[in-house]
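All residue numbers for the sequence shown refer to UniProt numbering, where the first residue is 1 and numbers rise by one.
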Amino acid sequence: MATPASWRQFQLFDFTPIRDPNSSADEPALWSDASVSAITATSEYLIVADHNAYLKVASTTDFTLQAQFIAYDLTYRITYVYPVPNSTMVVTLAEYQGQPAVIKLWDLTKIVGDKGEQDLRYQYHSQVSVTNGSNSYPVVSFDFTPDLACFAVGYANGKVVLVRGDILRDRGSKQRVVYESNNPITSVHFHHDWESQILFVTTTSQVVTVFTAGRNHAKPQKVLSGSGVDVHCSDITPESNQLVTGTPTHINFYDPQAKIKAIKYEIAKSRVVSVGENYLLVATTEETGDRHKQLVSRVIILDLKHNHVAFNLLIPRAMIRDVFVTGLIVYLSCNDGVLYKIEEKPINQKVELIMQRQLFQVAYSLAEDANLGEAFLLKIQRLHVQFLYDEQKYTEAIQVAISTLDLFVKPTTIEDEFDDFVMSIIIKYNETGNIASLTEFLSALWKKGLATNDHVTLLLCCYCKLKQLDELNEFITTINIDDPKLQSLDFPLLINLFKECGYYESAIKLLQKLNQPNLIVEIQLKDLHQPKAALRLIKQLPVDDLLLIMIDYSKTLLDYHPIETTQLLIEVFTGQYSPDTEVEDHAVSAASAPEETKNEGVVLTSYQAFVTYLSGRSEPDEEPTEVSKAPTYLPPRPHLIFPSFLNHPHEFVIFLEACLSSYDKYQGNVSDKKEILTTLLEMYLKLAHGENGDEWKNKPTELVKAHGGFFDDSQLLLISHIYDFDYGEIAAKEQSGYQSSLFASYQANGDVAKCMKIVREVGSTKPEFYPLMLKMLVSSKAAFDQAKPADFRWILDEIKKHKLMTPLEILQTLTSGGQEYVTLGLVKDYMIDYIEQQQREITNNTKLIEHYEQESSANSLKLTELTSKPFVLQNTKCSECDMRLDFPVVHFKCKHSYHHKCLSNNLVATTQIANGSARSSSALHCPKCFGHVDDDRDFTSTDEVEMFDSLLANSNDKFKVITEYLGKGVMESSSMWIESQGV
């Protein structure tokens with residue numbers, strides 16, 4: 001630490017010499033009196049004591065005398081006058097050799113207010129007498145606590161007497177010797193923060209602390225220093241309550257435990273006075289001149305906080321008698337009768353004065369301590385930056401600019417000046433090309449949370465330009481992507497910047513934070529040529545993210561690592577994939593060499609061979625991909641990845657076979673299965689027409705045979721036509737209703753067996769094939785010889801069953817060409833069966849006619865008897881309730897009888913048809929007979945008509961169905977029925 005002798009010196013205090021206004025008047029002099037023994041001041045009054053025990057009270061504004069009086073007996077000499085802090089009271093101490101020293105407490109308000117001429121010696125507030133043995137030693141130091149509960153008096157014989165009591169209320173006190181030494185006491189000071197229990201005591205040989213509470217046997221509590229202090233060269237600081245002492249070589253600071261610090265300042269010190277919290281006044285008196293010795297006093301005020309000399313005053317031909325402080329106003333009483341008033345300049349003037357000397361840092365500290373406001377502080381800092389920049393001290397200037405940012409960290413009134421300040425710094429350093437300093441400033445902006453998106457982008461550009469890779473990576477590591485301030489940051493621009501500079505590791509780290517694995521894979525494949533690392537990364541992703549990446553980059557991965565990529569695709573599209581959580585770090589080093597872009601070089605032609613190959617691989621962490629468990633998620637549709645296998649037909653076949661196996665086991669989507677089968681068939685046919693196609697020739701046929709029902713007929717037909725796949729073409733035609741075309745094709749080729757197969761398969765739904773087959777069989781001798789008699793019999797039976805041809809038409813077909821190989825025996829059995837059937841039908845019909853005639857005659861006779869002859873009713877019970885009949889009774893011609901009340905509960909409504917219109921009738925009908933009759937004769941409902949049409953359509957003998965309905969009388973009018981009348 002620099003010594004005060006080397007500190008910068010300023011004149012930050014104003015001093016005013018004040019002459020005693022009463023020095024030449026009739027009024028008694030104030031401070032210019034040679035007999036002045038003590039002097040002090042409060043904020044309102046100046047108090048002067050002289051050897052004659054007088055106290056004079058004057059105003060501090062115009063120094064007019066307010067009051068004067070004899071304070072003690074004239075034999076006493078007032079040696080100490082101290083104001084009581086924060087009050088209008090003062091404490092005086094007067095002494096007379098051989099007599100106890102007397103301490104008095106005075107209330108200045110009462111003294112100034114009393115204008116009488118009476119003696120004021122006894123108008124003190126309270127007093128205490130202090131005894132020191134024979135009282136033959138003078139008092140050299142005196143101090144008291146602010147509450148006036150304790151007084152400490154130091155004597156030249158090395159004793160310190162403590163007076164404790166309620167002196168303010170004059171309730172008595174006690175006193176005792178708390179310290180005794182062989183060396184004279186030079187000062188006593190209470191440490192106020194310790195509840196007046198600690199007393200600093202200085203002697204000519206030591207600095208000690210004394211514990212005032214309890215008995216200490218006049219011994220010090222702790223020795224702080226083995227060096228003594230002169231009288232008037234110590235003081236207590238008002239805020240920190242530290243003891244400050246001045247020695248010829250140092251200024252020392254103590255707390256109750258030890259020395260805190262020491263400032264080397266080699267100057268003779270006659271007085272040391274603490275002024276406020278930060279200032280220390282050091283006064284010295286020395287002789288000058290060679291022949292004529294003259295006393296010269298020098299007053300120096302040190303700013304201990306900012307380490308500079310705040311005031312330096314030389315007073316010639318004068319010696320300082322006393323120094324007292326009121327607030328921050330220092331008064332110097334000199335022997336030349338002049339009172340010097342030293343007062344601190346206004347803070348604005350102090351700061352401007354320092355800034356004129358271009359000491360901006362000192363000015364900033366002063367302005368900050370004085371709370372001059374953020375705008376003023378910013379002004380100082382901007383001037384400081386500009387000054388250093390003009391001096392080409394760019395590093396120092398940027399440090400000041402960085403420290404200025406603290407003004408904007410918290411909510412402030414100068415937020416609108418932030419952009420202008422930052423932009424001015426950026427422009428300055430961009431113009432000079434001092435990118436390193438600019439980077440440091442932008443980094444500070446970021447760390448303090450003040451950087452905007454533009455600042456962040458510029459900072460990263462500077463990192464890249466300066467190749468500060470460590471700082472760049474540290475920034476990416478600490479950045480919080482979720483910060484709302486960074487949501488609009490142009491991340492694609494930054495990624496491109498990193499890639500252009502070759503900082504792929506940094507780009508990948510940033511992409512990891514952005515959760516953009518697809519872009520990481522792009523860098524690993526296209527820029528770093530590290531497909532293995534890309535695969536490792538992909539295997540750690542959720543299936544949704546993985547699928548998006550594989551759709552874009554699986555073609556490239558297949559070029560590098562076809563087997564491993566195929567394995568991964570099979571796992572994904574069969575529902576077996578699960579992320580690999582073992583590998584944590586998938587970032588790569590930009591300095592690492594690209595991986596060897598090798599192809600496995602193994603050609604596998606089937607999924608089974610693929611599984612076998614994987615199970616025999618040497619890597620312990622590789623497992624076979626054969627589907628062994630149910631899918632854990634809904635597998636994606638395989639056609640999404642089909643384009644990736646453009647240049648990898650064998651891997652494509654393996655993938656398709658694996659997907660097909662999964663769909664067969666777990667009943668996957670039918671449409672997806674159809675796509676897989678169609679694509680797999682096309683790949684089989686394509687490979688069968690290429691090199692080494694022999695091993696593929698049977699696979700298309702086997703595939704169609706195993707899964708023929710899942711192929712789309714039109715697609716199967718098209719693929720078969722393109723690749724000349726006859727089996728597939730035939731299967732497609734068979735499945736898609738092209739039987740007529742196939743039949744004609746087989747017929748033209750004379751293939752009787754295939755034609756017969758088609759007829760047997762589709763004849764039940766397409767009976768028109770039976771006559772065609774019959775014509776084919778008899779069309780040529782070769783065709784006829786290929787058929788068996790059972791085939792002819794089956795065809796003729798089906799023709800008969802479906803009534804496709806009459807016997808005559810059959811005979812005409814067989815004899816139309818005059819073939820000699822077609823004989824009558826071919827149709828003999830058929831004709832005999834036909835003739836016998838016809839004879840049986842004739843016989844049955846004759847019997848039915850006779851039965852119907854007999855039944856009709858009997859019914860006609862019965863009807864005639866009912867309408868023309870009476871008949872006897874012998875019913876005794878009701879046909880409804882089965883109870884004995886009693887009147888009224890209703891009888892029907894059907895020989896059923898009912899109670900009238902029973903019949904009323906069973907009224908049957910009928911519809912009478914007359915003149916083509918329908919009307920309702922409430923005529924009585926027998927409940928038991930009406931339902932049966934109505935079933936036979938009601939053929940007007942829609943349901944009955946539909947039933948009749950259905951029976952007619954499904955019957956082989958439609959005439960019989962019609963005659964049965966006519967026999968029931970459905971065509972007769974309802975008016976022809978005979979209604980049963982009640983009797």
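Just so you know, even glycine gets a beta-carbon here, dropped at the ideal spot from N, CA and C.
- Distance from the CA atom of G575 to the CA atom of A609, rounded to whole angstroms, is 21 Å.
- Distance between H899 and R884, taken at the CA atoms: about 9 Å.
- Here the alpha carbons of A630 and K448 stand approximately 54 Å from one another.
- The C-beta distance from T60 to A41 rounds to 6 Å, short enough to meet the 8 Å contact threshold.
- By the neighbour-count criterion, in which 16 or more other beta carbons inside 10 Å mark a residue as buried, T288 falls on the exposed side.
- Proximity of the stretch 49-56 to the stretch 2-18 falls short of the contact definition, fewer than three beta-carbon pairs being nearer than 8 Å.
- Our two residues, N157 and S333, have alpha carbons roughly 28 Å apart in a direct line.
- Contact check for V275 against H308 fails: the beta carbons are separated by 8 Å or more.
- About 13 Å separates the beta carbons of A152 and E180, which is beyond the 8 Å limit, so they are not a contact pair.
- Counting only residues of its own chain and dropping the five nearest sequence neighbours on each side, P492 has no CB closer than 8 Å to any other CB.
- Residue pairing from DSSP leaves L388 without any beta-bridge partner.
- Shown here for P643: not one same chain residue has a beta carbon closer than 7 Å to its own, the five before and five after excluded.
- Take N241, set aside five residues on each side of it, and the residues of its chain with a beta-carbon closer than 7 Å to its own are H191, H192 and D193, in chain order.
- Within its own chain, the residues whose Cβ lies closer than 6 Å to the Cβ of V208, once the five positions on either side in sequence are excluded, are V201, P220 and V223, listed in chain order.
- For G154, the enclosing beta strand (DSSP E) starts and ends at C150 to Y155.
- In terms of Cβ geometry, L811 and P767 do not form a close pair [threshold 8 Å].
- Closest in alpha carbon position to S671, among A397, K665, P638 and V351, is P638.
- Look at the beta carbons and you see the stretch 377-393 not touching the stretch 312-332: under three pairs across the two are nearer than 8 Å.
- Beta-bridge partners assigned by DSSP to F253: V244 and K261.
- If you draw a straight line from the Cα of K261 to the Cα of W7, it is about 18 Å long.
- Here the alpha carbon of D303 sits roughly 14 Å from the alpha carbon of V351.
- Partner residues in the beta bridge of P17, as assigned by DSSP, are Y340.
- Nearest to V163 by C-alpha distance, out of Y137, N182, S136 and L199, is L199.
- With respect to the C-alpha of L472, the residue from I402, I495 and M947 having the closest C-alpha is I495.
- Of the candidates S780, K958, N749 and Q9, the residue whose Cα lies closest to the Cα of L353 is Q9.
- Assigned with DSSP and collapsed to three states, L489 falls in coil, not helix or strand.
- Rounded to the nearest angstrom, the gap between the Cα atoms of I301 and S87 is 27 Å.
- Cβ neighbours of V177 within its own chain (closer than 6 Å, five residues either side excluded): K159, V161 and A218.
- Secondary structure of P316 (DSSP, three-state): strand.
- If only uninterrupted beta strand (DSSP E) runs of at least 3 residues are considered, those enclosed by the stretch 183-230 are 185-191, 198-203, 207-211 and 222-225.
- Membership of W446 in the alpha helix (DSSP H) is indicated by the continuous run I435 to K447.
- The Cβ neighbour count for E440, taken over all protein chains shown within 10 Å, is at least 16; the residue is labelled buried.
- The same chain holds no residue with a CB closer than 8 Å to that of E964 once the five nearest residues on each side in sequence are set aside.
- Taking each of Y613, Y770 and F69 in turn and checking the Cα distance to K801, the smallest one comes out for Y770.
- For H851, the enclosing alpha helix (DSSP H) begins and ends at K828 to S868.
- DSSP places A29 outside both helix and strand once states are collapsed to three, so it counts as coil.
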